[in-house]
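So in the numbering used here, spot 79 of the sequence shown is number 74, and the numbers just go up one at a time.
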Amino acid sequence: MTPVERLREIHHPLTHRPLPTEVRRLIDDAERRIEDLVTARGDTSLEGFVASDFAMVYPLLASIAEQFGVGSFVEWGSGLGV
């Protein structure tokens, strides 16, 4: 089986989960870096960039990590290293 054949779509409900302090710090830092990048460019947008709601997505990614465990991989790239 090829790596692409092993890919599968999963459907997972979003549930509320409090953000751990270290995750909140990471998100705050990421949002500052994104704002700094936009400001440095003198632009209000980045072509092709679609922002994610990191705090909303965290519970889903945490749940997937718990469900599928070590060795699992989820591609969810912002392009900015968040």
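Yeah, the Cβ is synthetic: ideal placement off N, Cα and C, and Gly gets one too.
| Check | Outcome |
| --- | --- |
| Can you tell me where the alpha helix (DSSP H) with S58 in it begins and where it stops? | 49 to 63 |
| In whole angstroms, what separates the C-alpha of G43 from that of T16? | 30 Å |
| Hey, would you say R28 sits closer than 7 Å to P54, going by beta carbons? | no |
| Just verifying my parser: in three-state terms, what is the DSSP assignment at I22? | helix |
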